[in-house]
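Working notes, structure below.
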Amino acid sequence: MDFNLSSEQQALSESAQRFAREVLDQDAHARLSRQVLSLDLWRQAAAYGFTRAPVTTAFGGLGMNALDTAL
Numbered sequence: 001m002d003f004n005l006s007s008e009q010q011a012l013s014e015s016a017q018r019f020a021r022e023v024l025d026q027d028a029h030a031r032l033s034r035q036v037l038s039l040d041l042w043r044q045a046a047a048y049g050f051t052r053a054p055v056t057t058a059f060g061g062l063g064m065n066a067l068d069t070a071l
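Quick note: the sequence shown uses the numbering used here, first residue 1, plus one each step.
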């Protein structure tokens with residue numbers, strides 16, 4: 001059984017890591033102390049496509065499976 005990530009999964013993982021470095025790291029301490037995710041942060045996640053990941057393509061989502069969404 002092959003447990004390696006596909007090229008698409010690897011690209012998704014790299015995109016998520018980039019989002020974490022460029023967006024989440026900026027005010028992580030303040031955000032964690034408030035225990036809230038701002039509307040602006042949700043909008044930035046949406047711009048990366050993360051909020052559409054598990055939604056079926058029929059409704060404008062990316063139609064990703066559980067593994068892809070978890071990455």
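Beta carbons: idealized from backbone N, C-alpha and C, even for Gly. Every value quoted in this text rests on a predicted model; they were computed, and no experiment measured them.
If residue i sits next to residue j, beta carbons under 8 Å apart, how far is it from one beta carbon to the other, in whole angstroms?
i   : j   : result
A53 : T69 : 5 Å
Under a Cβ-count criterion, where at least 16 other Cβ atoms within 10 Å of its own Cβ denotes burial, should residue i be classed as buried or exposed?
i   : result
L39 : exposed
L32 : exposed
L37 : exposed
M1  : exposed
L67 : exposed
Restricting to Cα atoms, I'd like to know which of the options is closest to residue i.
i   : options               : result
L24 : L5, L41, A11 and Q10  : L41
R43 : F19, S7, A11 and L5   : F19
S15 : N4, F50, A28 and S6   : F50
A22 : A58, M64, G60 and Y48 : The amino acid at residue 22 is misidentified as Ala; the sequence shows Glu. When only C-alpha atoms are compared, the closest one is Y48.
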